[in-house]
Amino acid sequence: MKILIVEDEDTVRELLSEGLRSEGYEVLEADNGLDGLQMAKDLQLDLILLDLMLPEMDG
Numbered sequence: 003m004k005i006l007i008v009e010d011e012d013t014v015r016e017l018l019s020e021g022l023r024s025e026g027y028e029v030l031e032a033d034n035g036l037d038g039l040q041m042a043k044d045l046q047l048d049l050i051l052l053d054l055m056l057p058e059m060d061g
């Protein structure tokens, strides 16, 4: 399962990412809304975890 985490706070993003990877998930990360949107368009993802308040573009 491929999961994208879009979160601007490094600590939160890293915590989520580490937890999911330890359970065997493939995790991709973006730290702003524009990068997250581009990744969502370009990649086949199973799940997107998205913060509501993001730089560049809100979730």
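Per the working numbering: the sequence shown ends with 61, consecutive numbering throughout.
C-beta atoms are modelled at their ideal positions from N, C-alpha and C, and glycine is treated no differently.
Since we're looking at a predicted model, the values are computed, not measured.
Inter-residue distance for L6 and L52 is about 8 Å (C-alpha atoms, whole angstroms). A Cβ-Cβ distance of about 7 Å is found for the pair D33 and R15, placing them in contact under the 8 Å criterion. Between E58 and L36 the beta-carbon gap is near 4 Å, inside 8 Å, which marks them as a contact. Excluding sequence positions up to five before and after L47, its CB lies within less than 6 Å of the CB of K4 and L6, all in the same chain and listed in chain order. Contact between L22 and V29 holds, since their C-beta atoms are separated by about 5 Å, short of 8 Å.
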